[in-house]
Amino acid sequence: MITSATSTTSGDPDPETTADPSTSGEDPSTAGDSNGPLPGDTTTSASGASFIVPPDPPASCDVWAQDCPNGEKCSAAGPPPFSSEIIACSPIVPDPDQLGEECEILVEGHLGPDTCDIGLYCHDVDADTGKGTCIPLCTGSPGAPACDAGLTCLDMALPLCIPECDPLLQNCPAGQACNYMADAFTCWPVMDEPKDLFESCEYVNQCEPGLMCMAVEFVAECDPSDSGCCTVYCDLDDPGPCPGVGQLCRGFFTPADAPPGYENVGICALPD
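All the letters of the sequence shown, read from the start, carry residue numbers 1 to 272 under the UniProt record's numbering.
1. Which class does I162 belong to by DSSP, given the choice of helix, strand or coil?
2. For the pair the stretch 211-221 and the stretch 229-242, tell me if three or more CB-CB distances fall below 8 Å.
3. What span of residues does the beta strand (DSSP E) with V265 cover, start to end?
4. Determine the burial state of A174: buried for a count of at least 16 other Cβ atoms within 10 Å of its Cβ, exposed for fewer.
5. Would you report the Cα separation of L270 and P163, rounded to the nearest angstrom?
6. Mapping the DSSP letters down to three states, classify V216 as helix, strand or coil.
7. For T152, list the residues DSSP reports as bridge partners.
8. L169: buried (16+ other C-beta within 10 angstroms of its C-beta) or exposed?
9. Hey, is the stretch 92-100 in contact with the stretch 140-151, meaning 3+ C-beta pairs nearer than 8 Å?
10. Taking the C-alpha atoms as reference points, what is the distance between C116 and H123?
11. Go to T254, then tell me how far its beta strand (DSSP E) extends in each direction, as first and last residue.
12. When we look at the beta-carbon of G112 and count the other beta-carbons within 10 Å, is it buried (16 or more) or exposed?
13. List in chain order: all unbroken beta strand (DSSP E) runs of 3+ residues lying wholly within the stretch 161-239.
14. Excluding the 5 residues preceding and the 5 following G246 in the sequence, name in chain order all residues of the same chain whose CB lies nearer than 7 Å to its CB.
15. So, is E108 buried or exposed, given that buried needs 16 or more other C-beta atoms within 10 angstroms?
16. According to DSSP, which residues form a beta bridge with C116?
17. For T133, which residues in the same chain have their Cβ closer than 8 Å to its Cβ, ignoring the five residues on either side in sequence?
18. Mapping the DSSP letters down to three states, classify E108 as helix, strand or coil.
19. Can you list, in chain order, the residues of its chain whose CB lies under 6 Å from that of D114, leaving out five sequence neighbours each side?
20. Whole angstroms are fine: how far does the CA of P58 sit from the CA of N179?
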């Protein structure tokens with residue numbers, strides 16, 4: 001499969017991790033929350049190089065077990081940047097917001113305690129209003145995470161259940177893009193001032209919806225000194241011309257690895 005050039009960035013429980021641009025026959029890179037990069041461990045590029053992010057110190061509570069005292073929940077407690085260090089117990093507010101309801105962050109920034117009930121997190125928070133939407137945390141365990149149908153577990157310091165999507169349809173809510181994260185195509189908030197076609201990028205969620213941050217060696221128009229730049233998804237069943245010089249519509253996955261329903265997903269890239 002062709003791997004993306006990066007990680008993700010967002011404005012939520014901002015998992016902050018950067019992934020280097022890579023393209024490979026294995027897995028696309030990881031992602032993060034709404035307006036900033038995601039946290040991560042080790043990613044491997046198509047070239048076989050490994051990019052290691054040092055592990056964070058352990059959190060002060062267990063988000064999987066929700067082992068805080070009664071009336072409290074284990075979640076992001078701020079301040080930024082996002083890491084396991086900010087995972088802590090905080091009081092559950094009276095009459096907390098429920099799944100799908102509007103919520104807000106209770107401290108300055110987008111990573112503090114929020115008004116969602118236990119097991120939920122205030123996601124995709126508007127930087128100006130501090131308002132977002134309650135989404136579920138993953139259940140189960142790190143080795144066996146679980147989410148409801150149509151959702152995938154993005155297993156970070158704060159494991160979030162996020163919607164699966166189709167990168168060719170870009171069927172995500174406004175302000176979000178469909179990219180490959182958490183071993184699935186999922187919706188994630190796009191960074192502020194997203195990059196357009198052939199513009200330099202570093203994170204999975206830094207390009208306009210419909211584009212992917214790709215290693216520069218796959219796009220002739222890109223500055224070779226950059227880590228990645230934005231190129232477009234394409235449909236292997238109906239490819240049409242790619243916008244870049246010499247680009248072909250190449251399979252995002254190797255045929256044997258394509259998940260059901262995603263066999264036709266391609267990316268415009270130079271041939272090997």
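Don't be surprised by glycine CBs; every beta carbon is placed ideally from N, CA and C. Keep in mind the model is a prediction, meaning the values are calculated, not measured.
By the coordinates alone:
1. As a working mapping, residue 162 is identified with position 162 in the sequence shown. The answer is strand: DSSP assigns I162 an E or B state.
2. yes
3. The sequence position of residue 265 within the sequence shown is 265, counting from 1. It spans 265-269 - the beta strand (DSSP E) in which V265 sits, taken as one unbroken run.
4. Locating residue 174 in the sequence shown gives position 174, counting from the first residue. A174 comes out exposed.
5. Stepping through the sequence shown from its first residue, residue 270 is reached at position 270. Stepping through the sequence shown from its first residue, residue 163 is reached at position 163. Answer to the nearest angstrom: the Cα atoms are 30 Å apart.
6. As a working mapping, residue 216 is identified with position 216 in the sequence shown. Three-state result, V216: helix.
7. As a first step, residue 152 must be located in the sequence shown, where it is residue number 152. According to DSSP, which records beta bridges pairwise, T152 is partnered with I162.
8. The count along the sequence shown starts at 1 and reaches residue 169 at position 169. Burial call: exposed.
9. no
10. The residue labelled residue 116 in the question sits at position 116 within the sequence shown. The residue labelled residue 123 in the question sits at position 123 within the sequence shown. When rounded, the distance between both Cα atoms is 10 Å.
11. Position 254 of the sequence shown holds residue 254. Premise fails: T254 is in no beta strand (DSSP E) and is neither H nor E.
12. Numbered from 1 along the sequence shown, position 112 holds the residue referred to as residue 112. Label assigned to G112: buried.
13. 176-181, 184-189, 211-215, 228-235
14. As a first step, residue 246 is located in the sequence shown; it is residue number 246 there, counting from the start. Taken in chain order, the residues that qualify are A220, L270.
15. Counting from 1 along the sequence shown, the entry for residue 108 is found at position 108. When all chains shown are included, E108 counts as exposed.
16. As a working note, residue 116 is residue 116 in the sequence shown. Partner(s): D97.
17. As a first step, residue 133 must be located in the sequence shown, where it is residue number 133. Correct list, in chain order: G100, E101, E102, C103, C122, H123, D124.
18. Start at 1 with the first residue of the sequence shown, and residue 108 comes out as number 108. Coil, per DSSP.
19. By 1-based counting over the sequence shown, the position of residue 114 is 114. The answer, listed in chain order, is C103, I105, C122.
20. Mapped onto the sequence shown, residue 179 falls at position 179. Mapped onto the sequence shown, residue 58 falls at position 58. Between N179 and P58, the C-alpha separation is close to 29 Å.
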